[in-house]
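Visitor: Sharing a structure with you now.
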Amino acid sequence: MKVLMLNGSPHENGCTYTALNEIAKTLSENGIESEIFWMGREEIKDCVACGGCAIAKNNRCVFNGDAVNTFLEKAEKADGFVFGSPVYYAHASGRVLSLLDRVFYSGSRVFRRKPCAVIASARRAGTTCAIDDLMKYPTISEMIVVSSQYWNMVHGAVPEQVLQDEEGLQTMRVLARNMAWLMKSLECAEKSGIEAPEREKRIFTNFIR
Ligand SMILES: Cc1cc2nc3c(=O)[nH]c(=O)nc-3n(C[C@H](O)[C@H](O)[C@H](O)COP(=O)(O)O)c2cc1C
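Using my numbering, read the sequence shown as starting at 763 and increasing by one per residue.
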């Protein structure tokens with residue numbers, strides 16, 4: 763079983779990475795493989811609502827050439843997820859939101875009923891707002907949210923400061939253990955023949971009829 767983690771920072775080995783790495787280490791100790799996917803510093807296109815993905819129905823954005831479809835390819839093979847972002851102006855980074863808008867608009871089926879956690883890294887403030895931003899994706903996609911003993915945040919302007927944030931790192935470890943436990947429980951449930959709930963035909967009312 764594998765957890766795919768998104769490092770949404772422009773810093774490959776920065777504060778967000780340091781938090782995700784604490785999760786990776788703890789997952790490994792609990793027998794779960796993981797990969798930290800760095801979205802890099804290249805331009806990320808916004809969703810332009812072209813609807814091409816809804817026609818193609820292939821779990822891919824029609825726009826290639828940035829991290830979106832690479833992430834979706836990896837996501838298809840993953841059993842659990844952690845989305846991590848630095849806090850920019852008290853919200854999740856715009857680049858992360860652009861990436862996740864396109865990932866989920868074109869490929870939300872890939873994530874259905876898989877465990878997911880989100881984490882935020884900040885120097886000082888805006889973490890809970892950023893976590894709220896990131897939580898919007900799993901909670902509209904039938905994902906199973908994994909939590910910890912505190913909201914999933916670390917504090918620091920540089921990785922060395924995050925390493926001093928003992929409570930933040932402990933929050934990451936508790937999160938990882940809960941994720942590992944849930945993934946093993948789901949695997950056990952599947953092997954025992956407990957089937958996923960039936961899906962209803964989707965209703966869209968748009969509040970006007
Ligand atoms: C454009 C920008 C805006 C930021 N806004 C905030 C903020 O609102 N609150 C905060 O605490 N830190 C803010 N920071 C600092 C980063 O969130 C913080 O240092 C984070 O841990 C960096 O993570 P990284 O090393 O993974 O990029 C901002 C940084 C940048 C570049």
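Don't be surprised by glycine CBs; every beta carbon is placed ideally from N, CA and C.
Would you say residue 909 and residue 940 are within 9 Å of each other, going by their C-beta atoms?
Guide: As a working note, residue 909 is residue 147 in the sequence shown. As a working note, residue 940 is residue 178 in the sequence shown. A contact, by the Cβ cut-off of 9 Å.
Visitor: At 3 residues or longer, and completely inside the stretch 887 to 921: list those beta strand (DSSP E) runs for me, N to C.
Guide: As far as the stretch 887 to 921 is concerned, its whole beta strand (DSSP E) runs of at least 3 residues are 915 to 917.
Visitor: Shorter than 8 Å, the distance from the beta carbon of residue 771 to the closest heavy atom of ligand 1, or not?
Guide: By one-based count along the sequence shown, residue 771 stands at place 9. Residue 771: yes, Cβ under 8 Å from ligand 1.
Visitor: What separation, rounded to the nearest whole angstrom, lies between the Cα atoms of residue 798 and residue 783?
Guide: Looking up residue 798 in the sequence shown gives position 36. Looking up residue 783 in the sequence shown gives position 21. For residue 798 and residue 783, the distance between alpha carbons rounds to 8 Å.
Visitor: Can you give, in chain order, each stretch of the beta strand (DSSP E) that sits fully within the stretch 777 to 864 and has at least 3 residues?
Guide: Listed in chain order, they are 795 to 800, 842 to 850.
Visitor: Sort 866, 852, 899 by Cα distance to residue 819 and report the nearest one.
Guide: Locating residue 819 in the sequence shown gives position 57, counting from the first residue. Looking at the Cα atoms, 866 is the closest of the given residues.
Visitor: Starting from the C-beta of residue 764, find all residues in its chain whose C-beta is less than 8 Å away, skip the five residues before and the five after it, and write them out in chain order.
Guide: Taking the first residue of the sequence shown as 1, we reach residue 764 at position 2. 794, 795, 796, 797, 839, 840, 841, 842.
Visitor: Determine the extent of the beta strand (DSSP E) in which residue 879 is found, giving its start and end residues.
Guide: Taking the first residue of the sequence shown as 1, we reach residue 879 at position 117. Per DSSP, residue 879 belongs to the beta strand (DSSP E) from 877 to 884.
Visitor: Nearest CA to the CA of residue 777: which residue from 807, 849, 790?
Guide: For this step, residue 777 is matched to residue 15 along the sequence shown. Residue 777 has its Cα closest to that of 849, out of 807, 849, 790.
Visitor: Let me know the alpha helix (DSSP H) ranges lying completely inside the stretch 926 to 956, each 4 residues or longer, listed in chain order.
Guide: Qualifying alpha helix (DSSP H) stretches, in chain order: 928 to 953.
Visitor: Beta carbon of residue 802: closer than 8 Å to some heavy atom of ligand 1?
Guide: One-based indexing of the sequence shown puts residue 802 at position 40. It does not: the Cβ of residue 802 is nowhere closer than 8 Å to a heavy atom of ligand 1.
Visitor: Since I believe residue 860 is in contact with residue 808 (beta carbons under 8 Å), could you give me their beta-carbon distance rounded to a whole number of angstroms?
Guide: The residue labelled residue 808 in the question sits at position 46 within the sequence shown. The residue labelled residue 860 in the question sits at position 98 within the sequence shown. Rounded, the Cβ-Cβ distance is 5 Å, consistent with contact.
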